[in-house]
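Student: Got a structure for you, written out below as structure tokens; questions coming shortly.
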Amino acid sequence: MFRRVLGKTLGFVGYTVQYGCIAHCAFEYIGEFVVCSGPSMEPTIVNHDIVFSERMSRHLCKIEKGDIVIAKSPFDPNMNICKRVIGLEGDKVCTSAPSDVFKSHTYVPKGHVWLEGDNLRNSTDSRSYGPIPYALIRGRVCLKSSMAILSTIQRCESVGSSKQVCLIDQSLDNILSSSPFCCVVMSLDVIATTTLETALASA
Amino acid sequence: MFRRVLGKTLGFVGYTVQYGCIAHCAFEYIGEFVVCSGPSMEPTIVNHDIVFSERMSRHLCKIEKGDIVIAKSPFDPNMNICKRVIGLEGDKVCTSAPSDVFKSHTYVPKGHVWLEGDNLRNSTDSRSYGPIPYALIRGRVCLKVKGGGVLYVCC
């Protein structure tokens with residue numbers, strides 16, 4: 001009797017560990033849903049938006065200028081930040097405020113990236129703490145869900161002085177026919193039951 | 001015939017994925033063996049030593065001053081570095097060389113650590129590139145494999 005219970009418990013634990021590991025690897029190498037909080041990426045991503053950040057770009061080193069990335073905060077290893085990549089290693093970035101008379105520039109060192117929020121007035125980013133190492137980047141945001149309307153996050157081509165709103169709102173039908181992530185889109189209704197990995201800090 | 005082969009192949013792939021994921025999680029949360037190269041940690045860790053770096057300390061934020069850690073290199077996301085933690089956030093560290101007349105100090109910012117190699121003359125570490133974010137640390141070295149499998153514990 002006791003043996004049977006023990007055997008069943010061990011079997012249950014074994015299955016849990018197995019599927020937990022598979023789920024962890026899926027989050028690690030494919031992508032994860034993230035709840036964003038804070039105003040630093042408005043109007044592209046507002047408070048309480050749910051975004052999908054895919055991990056393949058980071059592992060294949062295909063993060064490019066204009067991408068929105070989720071990265072570990074350099075000041076708190078348990079917090080994540082969501083910003084846009086303004087400069088890659090070797091790029092020249094402007095570090096002075098738009099209101100300054102004398103513009104100052106800096107070069108992004110090797111292995112680092114320069115991040116800035118879209119809401120420049122209310123964002124703590126590389127303008128205050130400098131470039132962050134590329135290894136801190138976790139993933140690239142590619143989909144956003146707000147109120148059951150799915151939107152694709154497009155790469156912002158012009159990241160100069162004027163930040164363009166690069167969000168294209170598409171109806172669900174358009175997304176399913178054109179997006180390569182249509183299989184992920186289908187399961188967005190289980191967000192409530194899926195584990196939401198991390199909440200983002202802002203500003 | 002074809003169905004049987006396909007079924008067996010899919011089953012094999014399924015098992016491989018399953019056990020690959022379990023192995024990956026073991027390396028991620030328990031520990032991994034690392035081959036060290038370079039002279040920057042002599043005499044504690046020499047070239048081609050194999051060390052075991054455990055991951056639990058990093059996840060539980062229990063890395064302390066004096067630990068030897070494996071961290072991702074701030075200059076190359078695909079490389080790792082092996083150094084000793086000299087200062088945690090808020091600590092005062094000496095940034096001048098021992099031969100300097102005037103000593104200079106700096107405070108380690110929040111969420112960062114100051115790393116130095118044991119072989120101070122031949123080590124590129126925080127003295128040249130500054131403190132690195134704590135999030136870059138991968139694990140803490142706790143065992144070293146040397147010679148015929150004898151394990152030493154690194155303090």
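Read top to bottom, the protein sequences are chains A and B. Just so you know, UniProt numbering puts 180 at position 180 of the first sequence, and the rest follows in order with no gaps. Just so you know, UniProt numbering puts 62 at position 62 of the second sequence, and the rest follows in order with no gaps. Virtual Cβ for every residue (Gly too), placed ideally from N, Cα, C. Quick caveat, the model's predicted, so the values are computed rather than measured.
Please return the same chain residues whose Cβ sits closer than 7 angstroms to the Cβ of Glu28(A), not counting the five positions on each side in sequence.
Tutor: The residues are Arg55.
Student: Please specify which runs of the beta strand (DSSP E), each continuous and at least 3 residues long, are wholly inside the UniProt domain "Peptidase S26" (102-141) of chain A, giving them in chain order.
Tutor: Complete beta strand (DSSP E) runs here, min 3: 105-107, 112-116.
Student: Please check the pair Ala71(A) and Ile137(A), which I expect to be a contact at CB under 8 angstroms, by giving their CB distance rounded to whole angstroms.
Tutor: Going by Cβ atoms, the distance from Ala71(A) to Ile137(A) rounds to 5 angstroms, so yes, they are a contact pair.
Student: For His24(A), decide whether its Cβ has a neighbour in chain B, counting only Cβ atoms nearer than 7 angstroms.
Tutor: Chain B contact via Cβ: present.
Student: Counting only Cβ pairs nearer than 9 angstroms, list the residues of chain B close to Gln73(A).
Tutor: This sequence places Ser at residue 73(A); Gln is not what is there. Within chain B, the residues near Ser73(A) are Gly111, Pro133, Ala135.
Student: Would you mind telling me which residues of chain E sit closer than 7 angstroms to Ile30(B), beta carbon to beta carbon, in chain order?
Tutor: Considering every chain present, this structure includes no chain E. Its protein chains are A and B.
Student: Would Arg4(A) pass as a contact of Asp67(A) if the rule is Cβ separation under 7 angstroms?
Tutor: Not closer than 7 angstroms, so no.
Student: Helix, strand or coil: which one does DSSP assign to Ala97(A)?
Tutor: Coil.
Student: Across the region 108-120 of chain B and the region 82-96 of chain B, are there enough close Cβ pairs to call them in contact, namely three or more that are closer than 8 angstroms?
Tutor: Flag = yes, the region 108-120 of chain B and the region 82-96 of chain B touch.
Student: Do you know offhand how far Val35(A)'s Cα is from Ala97(B)'s?
Tutor: Distance between the alpha carbons of Val35(A) and Ala97(B): 46 angstroms.
Student: Please name the residues in the region 20-50 of chain B whose beta-carbon is closer than 7 angstroms to at least one beta-carbon of chain A, in chain order.
Tutor: Those would be Cys21, Ile22, His24, Cys25, in chain order.
Student: Roughly how far, in whole angstroms, is the beta-carbon of Tyr107(A) from the beta-carbon of Lys92(A), given that I think they are within contact range, below 8 angstroms?
Tutor: About 6 angstroms separates the two Cβ atoms, so the contact holds.
Student: Which value, in whole angstroms, describes the spacing of the CA atoms of Asn122(A) and Ile132(A)?
Tutor: Going by the C-alpha atoms only, they are around 19 angstroms apart.
Student: Buried or exposed: which applies to Met79(B), given that a residue is buried once 16 or more other Cβ atoms fall within 10 Å of its Cβ?
Tutor: Classification for Met79(B): exposed.
Student: Taking the Cβ atom as the reference point for each residue, do Ala71(B) and Ile81(B) lie within a distance shorter than 7 angstroms?
Tutor: Contact: yes.
Student: Applying the criterion that 16 or more other CB atoms from any shown protein chain within 10 Å of the CB defines a buried residue, is Phe52(A) buried or exposed?
Tutor: Buried, since its Cβ has 16 or more Cβ neighbours within 10 Å.
Student: Cβ closer than 8 angstroms: which chain B residues qualify as neighbours of Leu136(A)?
Tutor: Going along chain B in sequence order, the residues near Leu136(A) (Cβ under 8 angstroms) are Pro133, Ala135, Leu136.
Student: For chain A, find out if any of its Cβ atoms is closer than 7 angstroms to the Cβ of Asp67(B); answer yes or no.
Tutor: Chain A, which has no Cβ nearer than 7 angstroms to the Cβ of Asp67(B), makes this no.
Student: Does the beta carbon of Cys21(A) come closer than 7 angstroms to any beta carbon on chain B?
Tutor: So, interface residue.
Student: Measure the alpha-carbon distance for Cys21(B) versus Lys110(A) and round it to whole angstroms.
Tutor: Spanning the two alpha carbons is a distance of roughly 32 angstroms.
Student: Hey, out of Asp125(B), Gln18(B), Asp67(B), Ser37(B), whose CA is closest to Glu54(B)'s CA?
Tutor: For Glu54(B), the nearest C-alpha among the options comes from Asp67(B).
Student: Quick check on this structure: which residue in Lys62(A), Thr9(A), Leu88(A), Glu116(A) has the alpha carbon closest to the alpha carbon of Ile81(A)?
Tutor: Of the candidates Lys62(A), Thr9(A), Leu88(A), Glu116(A), the one whose C-alpha sits nearest the C-alpha of Ile81(A) is Glu116(A).
Student: Run the CB neighbour count on His112(A), radius 10 Å, all protein chains shown included, and call it buried at 16 or more, exposed below.
Tutor: It counts as buried.
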